[in-house]
Amino acid sequence: MAMVLSEDQQLLRDSARSFCQDNAPISVMRRLRDGKSELGYDEAIWQQMIELGWPGMAIAEKYGGFEFGYTGLGLVLEETGRTLASSPLIASVLLGASLLSEAGDEEKKSQLLPQIVNGKLRLAVGVDEGPHHNPSRVACTAIKQGAEYVLTGAKSFVLDGHIAGKLIVAARTSGEPGSENGISLFLLEAGCQGLQIQRTQMVDSRNAANLVLDQVRISEDSLLGSEGAGFTALDAALDIARIGVASEMLGSVQEVFQRIVEYLKQREQFGVQIGAFQALQHRAAEMYSEIELCKSAVLGALRCLDNSSATAKDRARMASLAKAKLSEVSERVSNEGIQMHGGIGMTDEFDIGFFLKRARVAQQFLGDASFHRDRYATLHNF
Amino acid sequence: MLALEQFRDSTRVWLEENCPPSMRTPMVPEEIVWGGRNADFTNPESKLWLDRMAEKGWTCPTWPAEYGGGGLSSEEAKILAEELARINARIALTSFGISMLGPVLLEYGTHEQKMEHIPKIIRGEIRWCQGYSEPGSGSDLASLGTKATLEGDEYVVNGSKVWTSYADKADWIFCLVRTDFEVPKHSGISFLLFDMKSEGVSTKPIQLISGSSPFCETFFDDVRVPAANLMGRLNEGWSIAKRLLQHERTMISGFGLASGQGDRGGTTSTTASLEGAAMHYREDKDRLTDPALRDQIAQFKIDSEAFALTSQRSSEESKQGGPNATSSMLKYYGCELNKRRYELFLKAMGSQGLGWEGDEFEAEELQVTREWLRSKANSIEGGTAEVQLNIVAKRVLGLPDMMSLAGKK
């Protein structure tokens, strides 16, 4: 497994970087927030991303994708993290398309995946039901009645939940909350009867929603995969998304750190640049070291996704490694971003605070550091 | 590609035929081969293994064949390393000649110096030690005062060094000496090579907190060194010294890498891995019952794995340029990791990790205690953690230097 990028991958990263800097800078994010955008992202920019082929990057050619691999998609996400460019890439592509690929039958895949690649369809995935990520703690029930399932329960922190055309929801067909057995996956239309979708206004100004399922009746064709056996596919798709989110976080962390170093060289107090003070130098050097580990953790995890001989357990290990490490370092660096900028870092006018807010949401999303350390330990049998 | 696959096949066959059985078992500290005039081989197969590897130049796989090295490309060396790892082969030769002096000798030495010293390093015939730190020159290494004065065609060396690793066992020393006291400190240093048997050289081991004495004080009293033993140009030794430190840091950063399968190497013993030890000493069955320790061990292992990937990335990125400023980052982080590793071993083992000697403790338990104490030196030797952070801040991040701002050097 090479830990350096190929020439094609470097070109992709460079072009993604210039695209984000030129077309989706952080001022776009500020405009969306100030305008209380209903979508939570900029539709015109998303169309350009679709033209660049980003949604299809890791999708198989037979479904209209480009098979450029997860490393490529990760590089793109890293660049969106630098400018905090939001888009349906996480909900529709990382979560939705991955889950469809893992759990869906051939018919659903050939019908829906091309629509994700060309942007016609936006997907959202509802897993968690409480304030903490815990994909096996599904209490939402699905009861078979004739040729239908009746879904009852609630979902929280559903990214793009209020703007998706279709939603995939994890519900329990047997067993107790906490058991990996008995979880089934269902594909729902956003407008289906009994489904209430409420957008949540979160600190990062992006777009999550809560769902209430009140006797939602859907045909048995809506079941993805086999009944009661959805967890394996769900966890596999979550691992892809965890690594993708870690890639995005890596971009943000590097951007914050770059801004810190620039500020340390520019700001003067006591007649010298504050970057000359050893107390700040050592903190900066420690952050640099941690970020180098973050780069390797993310690249190692992306390589693992692209390695056809890697097992589901290998992917799970690397996903938890990357998400734990990035969540930890992202907290540290985003806090230092404020502290090292001093008073100006506390102002809304200055962009650094956006990174702090996004960092915390990304940390919680799909499992924080302690969730993933626990999972990593379990995967190592201790 | 075809040639590389052939190389792999022939290497595999050769190793199968030439690596003795006991050299495919985990290394034990008493059997590490340092070479040198007085090398003693407690296991005769160690000698056999060294000689066979040295014959092929594979103790230094990428060094030029004209000086006895393996002459391998980096791709071939990687294959060799993989094939060695595949059969769990021990390192045939460990030495400062290989990890520190050799690379700079190849870069800065004359043809004659290379011809004289490189083959002996490769074959493990001469064991080198490093004359850097002095009693008054630790982190401020360039303030060193050991003096070398040219008299005819000889330098006369006077002064003393400290923390000289294995000086009492070494045959030759590479030594930083001051050859000009009138210029700024970095501009008056030269790099000398000389025989530790020379008249006027004496050593005195220093007992450390771990109970062992790997470091020495080294004294030079009118030691006469041929002028031809100067490496590089007179008064330009500091750049060689720094270059060598990069190699040293890369070597020391390897302490952060887990050896073999577990966190301490080996796979079977109770102290091979942190989680194994933690569960063993708590009599836990399937899950470590101390949640705080479990979290800390998981965090350590995550960092350790990310660090190993970073070392790999760094060496792949710097294939052309050799070690660079990131060697300071790797040195800093690797040493902190190793210290964390041993603090966690103590937590995992409870009072069984705190024995000093006696039959109440297993040999490997006592070894962990000593290794824990030894690990404290990691962030001091080869430049302290703080010096590494200074280097990262200035060289990598380009932050201003307060010393230059204040007009001091």
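As they're listed, the protein sequences go chains X and Y.
Last residue of the first sequence? That's 382 in this note's numbering, and every number before it is there in order.
Last residue of the second sequence? That's 1409 in this note's numbering, and every number before it is there in order.
From the three backbone atoms N, C-alpha and C, an ideal C-beta is built for every residue, glycine too.
Not a single CB atom of chain Y sits nearer than 8 angstroms to the CB of HIS162 of chain X.
Membership of ASP214 of chain X in the beta strand (DSSP E) is indicated by the continuous run 208–219.
Between ASP1195 of chain Y and chain X, the shortest Cβ-Cβ separation is not below 8 angstroms. The Cβ-Cβ distance between ALA1277 of chain Y and ALA1363 of chain Y does not fall below 8 angstroms. Boundaries of the beta strand (DSSP E) around SER1165 of chain Y: 1154–1165.
In this structure, GLY251 of chain X and ARG82 of chain X form a Cβ contact; the two beta carbons are roughly 4 angstroms apart against a cut-off of 8 angstroms. For TYR149 of chain X, the enclosing beta strand (DSSP E) begins and ends at 148–159. One finds GLU292, LEU293, SER296 in chain X with Cβ atoms closer than 7 angstroms to the Cβ of THR1310 of chain Y, taken in chain order. With respect to ALA85 of chain X, VAL4 of chain X sits apart: the two C-beta atoms are not nearer than 8 angstroms. Straight across, the Cα-Cα distance linking GLY1382 of chain Y with PHE1215 of chain Y is about 13 angstroms. For the region 318–345 of chain X, the beta-carbon criterion of a distance under 7 angstroms to any beta-carbon of chain Y is satisfied by LEU321, ALA324, LYS325. With contacts defined as CB atoms closer than 8 angstroms, PHE231 of chain X and SER136 of chain X qualify as a contacting pair. Nearest neighbour of GLY146 of chain X by Cα position, chosen from X:GLU67, X:ARG217, X:ASP34, turns out to be X:ARG217. Counting along the chain, PHE1219 of chain Y sits inside the beta strand (DSSP E) bounded by residues 1215–1226.
Between ILE1122 of chain Y and CYS1175 of chain Y, the C-beta gap is not smaller than 8 angstroms, which leaves the two residues out of contact. Taking the Cα of ASP1180 of chain Y as reference, the smallest distance to any Cα among Y:SER1143, Y:ASP1286, Y:GLY1355 is reached at Y:SER1143.
Within chain X, no residue has its beta carbon less than 7 angstroms from that of ILE1079 of chain Y; the closest one is some 14 angstroms off. When Cβ-Cβ separations below 8 angstroms define contact, LEU1288 of chain Y makes contact with chain X. From the listed residues X:LYS62, X:LEU223, X:PHE354, X:SER6, the smallest Cα separation to SER110 of chain X is found for X:LYS62. For ASN1390 of chain Y, at least one C-beta of chain X is nearer than 8 angstroms to its own C-beta. For PHE257 of chain X, the enclosing alpha helix (DSSP H) stretches over residues 231–266. The residue from Y:VAL1013, Y:ASP1040, Y:GLU1066 with its alpha-carbon nearest to that of GLU1083 of chain Y is Y:VAL1013. Contact between the region 1030–1043 of chain Y and the region 1122–1137 of chain Y is present: three or more C-beta pairs spanning the two stretches fall below 8 angstroms.
When DSSP states are grouped into helix, strand and coil, THR1384 of chain Y belongs to the coil group. Here THR1326 of chain Y is buried. Its C-beta has 16 or more other C-beta atoms within 10 Å. Ranked by how close their Cα comes to the Cα of TRP1058 of chain Y, the residues Y:LYS1339, Y:GLU1045, Y:ILE1079 have Y:ILE1079 in first place. Look at ILE1252 of chain Y: its C-beta is not under 8 angstroms from any C-beta on chain X.
DSSP, reduced to helix, strand and coil, places GLU79 of chain X within a helical segment of the structure shown. In the DSSP annotation of this structure, the continuous segment of the alpha helix (DSSP H) that includes THR1326 of chain Y starts and ends at 1326–1349. Sequence-distant partners of ASN1229 of chain Y (beyond 5 residues in either direction) whose C-beta falls short of 7 angstroms from its own C-beta, in its chain, are LEU1192, LEU1193, PHE1194. Taking CB atoms only, ILE1302 of chain Y has a neighbour in chain X less than 8 angstroms away. As computed with DSSP, ALA171 of chain X is found in a beta bridge with X:SER184. Apart from the 5 residues on each side of it in sequence, GLY1254 of chain Y sits with its Cβ closer than 8 angstroms to the Cβ of SER1311, GLY1334 in its chain, given in chain order. Look at SER1304 of chain Y here: in three-state DSSP terms it is helix. Taking 8 angstroms as the cut-off, the beta carbon of PHE68 of chain X is found no closer than this to the beta carbon of ALA60 of chain X. In the three-state scheme derived from DSSP, where H, G and I count as helix and E and B as strand, ARG1313 of chain Y is classed as helix.
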